[in-house]
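Per my numbering, the very first residue in the sequence shown carries number -1; after that it's consecutive. Structure record follows, encoded as structure tokens.
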Amino acid sequence: MTRDAQFMARALFHAARGRGRTSPNPLVGAVVVSPDDVVVGQGYHAHAGEAHAEIRALGEAGHRARGATLYCTLEPCSHHGRTGPCVEAVVRAGIARVVAATEDPNPVVSGRGFQYLRDHGVRVDVGLEAERARALNRPFFTLMREGRPFVMLKAATSLDGCIAEAPGRRTQLTSAEADRHAHAVRAEVDAIGVGINTLLVDDPLLTPRGPYRERPLTRVIFDRRLRTPMHAKVLSTRDAGPVIIVTTAEAAGSAEVRTRLEDAGAEIAVARDGSFGAALAELGRREIGSLLLEGGAEVIASAWDEGLIDCVSLYVTPRILGQDGVALLPGRDFVSAALHDRRVEPLGPDVLIEGYVHRTC
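This is the structure in structure tokens:
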């Protein structure tokens, strides 16, 4: 491994320390290295609105940053947001060279940070470990480029590929070990989403249990006809985070139903049409970068048919549900063996199979 690669690996390690805490901002790590290859400063972005990774690393380095190289996992920002432009701090600190993994896809940055640095005499090298850096920030890149959340399909299936014993029947499939893993994932995402049929059958709380979560968790109900009942359990858990019901203009036109749901604490989001993509666009406008889609069969099929599932996590249980069972994606060309970067992990009696639907971030 080259010298540059070693220091970029360290920056990537630090970036990952902010996992689950920075949204809608990206995960970013930075390392300041003196001309004689001594790490004099390092940092990561810990929370949205707080100091960026570069600022933390430069602050730790102090006067030792002059003439040093800054390794960062993403292009330093060049705009005024909740914090000032990192590029100005980089120049003031006397950094001689910046090694960045990838360009920031945010249109208010997108190359401007690199240009500012070059215009002020800083050497800039871009592309080292770019794939790893983008993979670390799949939700951020998806939100910036497509205006929608990165969608992770989570489903528990039987050995014969079914998610329920019969239509409309609540079916518990996974073990305690698998459930603990699923809640650990919930602790990191921006939002959990279910279709209205799952809400009516299972009446889930949609809250993270077990692992500590710093930020409120958004719960999303995809409900085209606004059938969400006032007594739904999820509406009694608003202290865990907001509840968004995504519906259509036609359904939202019923002022009485809409008002009652809003009085119960739900936010009504009106999509431009009944497609899953339109629903995701509403979430994107709310800066939701990652969505864990947990059911049911109808909303999963809609997301798959529109090509809007990015990642799949299947908890496969040692049960056979038989011919009356509800298939995960009936009639669709889906096999877990075709997932990219596929990973298999035993969880008690169950097996987790996960991977990405699309090869690129």
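Glycine residues also receive a C-beta, built at the ideal position from the N, C-alpha and C atoms.
Just list the beta strand (DSSP E) runs in the stretch 65 to 96, keeping only unbroken ones of 3 residues or longer that don't cross its boundaries, in chain order.
67 to 70
State the CB to CB distance for the pair V106 and V96, rounded to an integer number of angstroms; the pair is presumed to be in contact (CB under 8 angstroms).
Rounded, the Cβ-Cβ distance is 19 angstroms, inconsistent with contact.
Pick from L25, R211, G346, T245: whose alpha carbon is nearest that of A174?
G346
With distance defined between alpha-carbon atoms, name the residue in P206, V192, G251 nearest to D200.
V192
So is S21 buried or exposed if we call it buried at 16+ other beta carbons inside 10 Å?
buried
Less than 7 angstroms between the C-beta atoms of A7 and T71, yes or no?
no
Following the continuous beta strand (DSSP E) through T257, name the residue where it begins and the one where it ends.
Run containing T257: none in the beta strand (DSSP E); it sits in the alpha helix (DSSP H), 253 to 261.
Nearest by alpha-carbon distance to R317: which of D348, R341, C309 is it?
D348
Cβ contact check for the stretch 279 to 288 and the stretch 126 to 143: 3 or more pairs under 8 angstroms:
yes
Going by C-alpha distance, which of N23, I93, S76 is nearest I55?
Correcting the residue type first, residue 55 is Ala in the shown sequence and not Ile. The option with the nearest alpha carbon to A55 is I93.
Among the candidates V268, G57, A262, whose CA atom is the shortest distance from the CA of A249?
V268
Closer than 8 angstroms is the cut-off here; do at least three beta carbon pairs connect the stretch 300 to 318 with the stretch 350 to 357?
yes
The alpha helix (DSSP H) enclosing P137, as first and last residue numbers
136 to 144
On the criterion of 16 or more Cβ atoms from any shown chain inside 10 Å, does S156 qualify as buried, or is it exposed?
buried
Do A133 and T100 have their C-beta atoms within less than 7 angstroms of each other?
no
Span separating the alpha-carbon of H45 from that of V120
28 angstroms
How about I219 and L233: do their beta carbons lie closer than 7 angstroms?
no
Going by other Cβ atoms of all chains shown within 10 Å of its Cβ, with 16 needed for buried, is H229 buried or exposed?
exposed
Using the C-alpha atoms, what's the distance from D2 back to G125?
11 angstroms
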